[in-house]
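Below: the structure, in structure tokens.
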Amino acid sequence: MNYQFQFNTVFAAWPLLLKGTWITVQLSLTATVLGLLVAIACAWGKTSGPAWLRFVVNAYIEVIRNTPFLVQLFFFFFALPSLGLRWSPYTAALTAMVVNLGAYAAEIVRAGIESIPKGQIEAGRALNLRPTQIFRFIILKPALKAIYPALTSQFILLMLSSAVVSVISADDLTSVAANLQSQTFRSFEIYIVVAGIYLALAVSFSALFKLIYQRTLNYPDRR
Amino acid sequence: MRTFGFPEFWFIVQAAQWTLALSAMAFVGGSILGLVVALSRTSESRAARLAATLFIQVFQGTPLLLQLFLIFFGAPVFGLDINPWVAAGAALVLNSAAFLGEIWRGCIEAIPRGQWEAAHALNLGYVDRMRFVVLPQAFKIALPPTVGYVVQIIKGTSLAAIIGFTEITRAGQIINNATFEPLRVFATVAALYFAICWPLSLMAARMERQRAKALTR
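Protein sequences appear in the order of chains L and D. Per the UniProt record's numbering, the first sequence starts with residue 1, numbered consecutively. Per the UniProt record's numbering, the second sequence starts with residue 1, numbered consecutively.
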């Protein structure tokens, strides 16, 4: 092996890498918040909506879960503009991520709502709690606690699969890496550093989520 | 300019064989390596446990796309000749091994401690204990999530399109560049993936329900 590794070209580009990292985190966080809203609406539609709505929600969830994210991204970026919609790679990427996460999180949220026993809600009423109090203390908090681990690991999966949006140049971390690669031809050095950044992001977010759990949701369960 | 007719449609359908071949390769390779990972993760040796944990952390903590790039662009650096087939296969095998290893670790740990102790009391060695006592029972628990994970592998093979391997997604891109009818092209591509993955998802869900029913009986 007579290849000379040159990491200085990679580290010289640190402001670009930092900006890409920020865009990846920003995309993932925004998509998670918006995707969660979609998921809550879908969970409601699936559990208590009319029959036609249940069918639509089910179709959405099954189609998204059984097709690759890359194809969904192509659909939003290439197919929808052919119908006259104009949007930037960033917006297309964000929309694809929201639609994708919404379908996965819908099942998680539904499981969370169903995990609250009816007797607990009735107990709340018997204690003369107001409906908003019942929702806040009896439904929302335990449901959030039940879905928290699944939801946070879904967030990390989404952040890692967001590397795919680089194929439409959405300015994220992997897009920055691809640009640097075409300017410097130091592919291996760039991709190993960027993979390291993703690993650091995944490890620190999972530690952060654990800390938040211990601070806010770590109270004793009935079970 | 070409229009999107039957020959174009058929070109994409035929590419499905490469998606399936790549998925099969990833599943077989990933299963073998994944079993090693699961066994190391549950082994009594600290070094083996540490190595398996590290492997899982690295391959679950980085994007599959970057693993693919690292193998595809990294192999020439180490003087190896590589084509998209080998690169995509290797990346998918390593990635699936990490996820399957972690799924199967849970299944092995779900076997009650008493079973291990009984095997020990019968003077079975490690190999016999695993082969006749633990793994057959773990296999039953592992079946539904493993079928579910195959769906993830099939979807993951779409990333091979980015390094130029002609499977369903790449075939769709090629046809789209020739016909400029992205709506029809990508609807076809999505429908093909759906036709392959949905039956598997339904099967995994049914197997899971049957298992839950068997447990409550």
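We put the beta carbon where it would ideally sit given N, CA and C, even for glycine.
Measure the beta-carbon distance from residue i to residue j and round it to whole angstroms, keeping in mind my assumption that it falls under 8 Å.
i, j, result
"A93 (chain L)", "L73 (chain L)", "7 Å"
"I190 (chain L)", "A177 (chain L)", "5 Å"
"A43 (chain L)", "A106 (chain L)", "5 Å"
"G125 (chain D)", "I12 (chain D)", "Actually they are not in contact, since the Cβ atoms of G125 (chain D) and I12 (chain D) sit about 52 Å apart, beyond 8 Å."
"residue 219 (chain D)", "T157 (chain D)", "With chain D represented from 1 up to 217, any question about residue 219 (chain D) goes unanswered, as that position is not in the structure."
"T42 (chain D)", "I108 (chain D)", "5 Å"
"T174 (chain L)", "L66 (chain D)", "7 Å"
"L101 (chain L)", "L158 (chain L)", "5 Å"
"V86 (chain D)", "Q115 (chain D)", "At roughly 41 Å, the Cβ-Cβ gap does not stay under 8 Å, so V86 (chain D) and Q115 (chain D) are not in contact."
"I138 (chain L)", "V109 (chain L)", "About 17 Å; that fails the 8 Å criterion."
"P3 (chain L)", "V77 (chain D)", "The sequence as given places Tyr at residue 3 (chain L); Pro does not occur at that position. Yes, they are in contact, since the Cβ atoms of Y3 (chain L) and V77 (chain D) sit about 5 Å apart, within 8 Å."
"L192 (chain D)", "A16 (chain D)", "6 Å"
"T179 (chain D)", "F4 (chain D)", "5 Å"
"P182 (chain D)", "F78 (chain L)", "4 Å"
"I61 (chain L)", "A103 (chain L)", "5 Å"
"F188 (chain L)", "G74 (chain D)", "5 Å"
"V164 (chain L)", "L159 (chain D)", "7 Å"
"residue 264 (chain L)", "V63 (chain L)", "Not covered by the structure: residue 264 (chain L). The range shown for chain L is 1 to 223."
Rank the options by C-alpha distance to the C-alpha of residue i and give the top, closest one.
i, options, result
"E102 (chain D)", "D:V13, D:T216, D:A121 and D:V36", "D:V36"
"Y96 (chain D)", "D:L124, D:W85, D:E117 and D:L64", "The amino acid occupying residue 96 (chain D) in the given sequence is Ser; Tyr does not appear at that position. The candidate whose alpha carbon is nearest that of S96 (chain D) is D:L64."
"A52 (chain D)", "D:L94, D:R184 and D:A15", "D:L94"
"F135 (chain L)", "L:I116, L:T184 and L:A111", "L:I116"
"G61 (chain D)", "L:T216, L:G196, L:F69 and L:L211", "L:G196"
"K213 (chain D)", "D:Q152, D:I141, D:A190 and D:I174", "D:I141"
"I168 (chain D)", "L:L70, L:A59, L:L29 and L:L18", "L:L70"
"F9 (chain D)", "D:L39, D:L70, D:F186 and D:Q210", "D:F186"
"T30 (chain L)", "L:A51, L:E62 and L:A96", "L:A96"
"F99 (chain D)", "D:L159, D:G29 and D:V127", "D:G29"
"S166 (chain L)", "L:G112, L:Y60, L:S88 and L:T152", "L:S88"
"Q137 (chain D)", "D:Y149, D:S31, D:I111 and D:R2", "D:I111"
"A39 (chain L)", "L:V98, L:L129 and L:L85", "L:V98"
"L70 (chain D)", "D:I163, D:A47 and D:A21", "D:I163"
"P68 (chain L)", "D:F132, D:R211, D:I56 and D:V150", "D:V150"
"P220 (chain L)", "L:S161, L:Q183, L:F205 and L:P142", "L:P142"
"F72 (chain D)", "L:R186, L:S204, L:A202 and L:I23", "L:R186"
"Q14 (chain D)", "D:A204, D:R170 and D:L202", "D:R170"
"K155 (chain D)", "L:L34, L:I121, L:S161 and L:T24", "L:S161"
"I212 (chain L)", "L:T152, L:A200, L:V194 and L:D171", "L:T152"
"F55 (chain D)", "D:R2, D:D128, D:G79 and D:L33", "D:L33"
"L22 (chain D)", "D:G74, D:G89 and D:R49", "D:G89"
"Q154 (chain L)", "L:T24, L:Q133, L:N58 and L:L36", "L:L36"
"G106 (chain D)", "D:L39, D:A118 and D:F165", "D:L39"
"L199 (chain L)", "L:N58, L:K145 and L:T21", "L:T21"
"S48 (chain L)", "L:Q214, L:I113 and L:A170", "L:I113"
"residue 226 (chain D)", "D:P84, D:Q152 and D:T166", "Here chain D covers residues 1 to 217 and nothing more, so residue 226 (chain D) does not appear."
Could you please give the first and the last residue of the uninterrupted alpha helix (DSSP H) stretch that includes residue i?
i, result
"E208 (chain D)", "P182 to T216"
"L101 (chain L)", "P89 to E114"
"E62 (chain L)", "A51 to R65"
"P149 (chain L)", "K141 to S161"
"V28 (chain D)", "F6 to R41"
"P145 (chain D)", "L135 to G156"
"I197 (chain L)", "S187 to I212"
"R136 (chain L)", "No alpha helix (DSSP H) holds R136 (chain L); DSSP gives it neither H nor E."
"R130 (chain L)", "Taken as a continuous stretch (DSSP letters only), R130 (chain L) belongs to no alpha helix (DSSP H), as it is neither H nor E."
"L27 (chain L)", "W14 to S48"
"F99 (chain D)", "P84 to E109"
"G79 (chain D)", "Looking at the DSSP string, G79 (chain D) is not in any alpha helix (DSSP H), and its letter there is neither H nor E."
"G61 (chain D)", "R46 to G61"
"Q72 (chain L)", "F69 to F74"
"S175 (chain L)", "L173 to T184"
"E117 (chain D)", "R113 to A121"
"G172 (chain D)", "I168 to T179"
Following a CB-centred definition, is residue i positioned closer than 8 Å to any heavy atom of the ligand SAH?
i, result
"Q183 (chain L)", "By its list of ligands, the structure shown contains no ligand whatsoever, and the ligand SAH lies outside what it can speak to."
Strictly under 9 Å for the Cβ-Cβ distance: is residue i near chain C by that measure?
i, result
"V203 (chain L)", "You won't find chain C in this structure, because its protein chains are L and D."
Legend entry - Contact list for the stretch 57-71 of chain L against chain D, Cβ threshold 8 Å: E62, V63, R65, N66, T67, P68, F69, L70 and V71
Inset, instruction - Scan the stretch 161-193 of chain L for residues whose Cβ lies nearer than 7 Å to a Cβ of chain D and list them as they occur along the chain. - result: Residues are counted here when their Cβ sits less than 7 Å from a Cβ of chain D; for the stretch 161-193 of chain L these are S161, A163, V164, V167, T174, S187, F188, Y191 and I192, given in chain order.
Inset, instruction - Please list the residues of the stretch 75-88 of chain L that have a C-beta atom closer than 9 Å to any C-beta atom in chain D, keeping them in chain order. - result: Residues F75, F77, F78, A79, L80, P81, S82 and L83.
Legend entry - Against chain L: residues of the stretch 138-162 of chain D by CB proximity under 9 Å: Result list: V151, I154, K155, G156, T157, S158, L159, A161 and I162.
Inset, instruction - Output, in sequence order along the chain, the residues in the stretch 198-211 of chain D whose CB is closer than 7 Å to any CB in chain L. - result: Per Cβ criterion, the list reads W198 and S201.
Inset, instruction - Compile a chain-ordered list of the residues in the stretch 51-75 of chain D whose CB is closer than 7 Å to at least one CB of chain L. - result: V58, G61, T62, P63, L65, L66, F69, L70, F73 and G74
Inset, instruction - Return the residues of the stretch 97-129 of chain L that lie within a Cβ-Cβ distance of less than 7 Å from chain D, sorted by chain order. - result: Within the stretch 97-129 of chain L, no residue has a Cβ lying closer than 7 Å to any Cβ of chain D.
Inset, instruction - Closer than 9 Å, Cβ to Cβ, to anything on chain L: give me those residues from the stretch 99-129 of chain D, in chain order. - result: none
Legend entry - Interface residues of the stretch 169-185 of chain D facing chain L [CB-CB below 7 Å]: T169, N176, P182 and L183
Inset, instruction - Check each residue of the stretch 13-24 of chain D: if its Cβ is closer than 8 Å to any Cβ of chain L, include it; give the result in chain order. - result: none
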